[in-house]
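Enquirer:
Residue numbers (UniProt numbering): 1 to 221.
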């Protein structure tokens with residue numbers, strides 16, 4: 001059972017920063033999750049929200065700024081907004097990388113970065129299931145998963161239609177039947193985002209393949 005550090009060790013350090021990623025690695029995470037968007041100059045940067053208002057001392061949309069402009073903002077404790085290249089350099093050969101595609105159409109560029117850096121321990125994911133379908137068409141060897149809330153009528157059909165081999169359900173909607181249904185089709189199950197220890201242990205007992213968490217990273221040990 002694998003532990004995924006959501007936006008790095010985001011309970012302890014500024015989310016989606018190199019410091020949060022380093023903290024997650026120190027704490028023993030199996031994977032680090034980051035969110036990827038495009039800057040004004042078409043570079044891949046790591047940021048959850050469409051704007052920089054919540055997580056930096058700046059204002060405005062991510063794609064209204066170039067990378068060099070984004071780098072001038074404080075992303076928390078004097079951390080800067082990292083590029084995907086910087087994140088890959090940080091994690092390669094140290095920990096797995098889970099990349100959430102926040103904007104449809106960026107999946108091709110993300111795959112290019114994976115290939116350029118010969119990154120192997122990686123999973124792509126998105127709420128935009130078409131992006132996952134496109135990514136798997138471009139590179140079937142890359143693991144890719146769909147994120148969803150609610151309980152689908154047929155999770156295997158949903159995953160199959162997107163070409164996904166991993167699912168990321170909201171943990172509140174997860175039950176043993178859904179897990180068994182997914183496993184029968186060879187689909188891995190990673191519920192999100194779990195910060196309650198009791199729920200964490202319950203999900204482990206239910207047989208999930210991994211858990212996405214902000215704070216319970218040391219459960220991987």
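Idealized CB from N, CA, C, for every residue including glycine.
The structure presented is a predicted model; accordingly, all values stated were derived computationally and were not measured.
If you draw a straight line from the C-alpha of residue 74 to the C-alpha of residue 89, how long is it?
Expert: For the purposes of this step, residue 74 is taken as the residue at position 74 of the chain shown. For the purposes of this step, residue 89 is taken as the residue at position 89 of the chain shown. Distance between the alpha carbons of residue 74 and residue 89 is about 21 Å.
Enquirer: Have a look at residue 159 and residue 165 and give me their C-alpha separation to the nearest angstrom.
Expert: Here residue 159 refers to the residue found at position 159 when the chain shown is read from its first residue. Here residue 165 refers to the residue found at position 165 when the chain shown is read from its first residue. Rounded to whole angstroms, residue 159 to residue 165 spans 7 Å at the Cα level.
Enquirer: Does the Cβ of residue 37 have 16 or more other Cβ atoms within 10 Å, making it buried, or fewer, making it exposed?
Expert: Here residue 37 corresponds to residue number 37 of the chain shown, with the count starting at 1. Result: buried.
Enquirer: By Cβ distance, which residues of its chain are closer than 7 Å to residue 33, with the 5 residues on each side in sequence left out?
Expert: Along the chain shown, read from residue 1 onward, the residue named residue 33 stands at position 33. Taken in chain order, the residues that qualify are 4, 5, 6, 7, 98, 100, 212.
Enquirer: Taking the alpha carbon of residue 80 as the point to measure from, which residue in 55, 59, 96, 103 has its own alpha carbon closest?
Expert: For the purposes of this step, residue 80 is identified with residue 80 of the chain shown, where counting begins at 1. Closest option to residue 80, Cα to Cα, is 55.
Enquirer: If you draw a straight line from the alpha carbon of residue 93 to that of residue 217, how long is it in whole angstroms?
Expert: Walking along the chain shown from the start, residue 93 turns up at place 93. Walking along the chain shown from the start, residue 217 turns up at place 217. Answer to the nearest angstrom: the Cα atoms are 19 Å apart.
Enquirer: Where does residue 215 land, buried or exposed, given buried means 16+ other C-beta within 10 angstroms?
Expert: What you label residue 215 is simply residue 215 of the chain shown in a count that begins at 1. When all chains shown are included, residue 215 counts as buried.
Enquirer: Compute the Euclidean distance between the alpha carbons of residue 155 and residue 145, then round it to the nearest angstrom.
Expert: In the chain shown, the residue the question calls residue 155 occupies position 155. In the chain shown, the residue the question calls residue 145 occupies position 145. Rounded to whole angstroms, residue 155 to residue 145 spans 12 Å at the Cα level.
Enquirer: Under a Cβ-count criterion, where at least 16 other Cβ atoms within 10 Å of its own Cβ denotes burial, should residue 131 be classed as buried or exposed?
Expert: For the purposes of this step, residue 131 is taken as the residue at position 131 of the chain shown. Buried.
Enquirer: Assuming residue 58 and residue 17 are in contact, meaning their beta carbons sit under 8 Å apart, how far apart are those beta carbons, in whole angstroms?
Expert: Your numbering for residue 58 matches position 58 in the chain shown. Your numbering for residue 17 matches position 17 in the chain shown. Rounded, the Cβ-Cβ distance is 14 Å, inconsistent with contact.
Enquirer: Return the chain-ordered list of same chain residues with a C-beta closer than 6 Å to the C-beta of residue 12, the five sequence neighbours on each side being excluded.
Expert: In the chain shown, the residue the question calls residue 12 occupies position 12. Correct list, in chain order: 23.
Enquirer: For the stretch 21-96, which segments carrying the beta strand (DSSP E) assignment without a break, of at least 3 residues, lie completely within its bounds, in sequence order?
Expert: 31-38, 44-46, all fully within the stretch 21-96.
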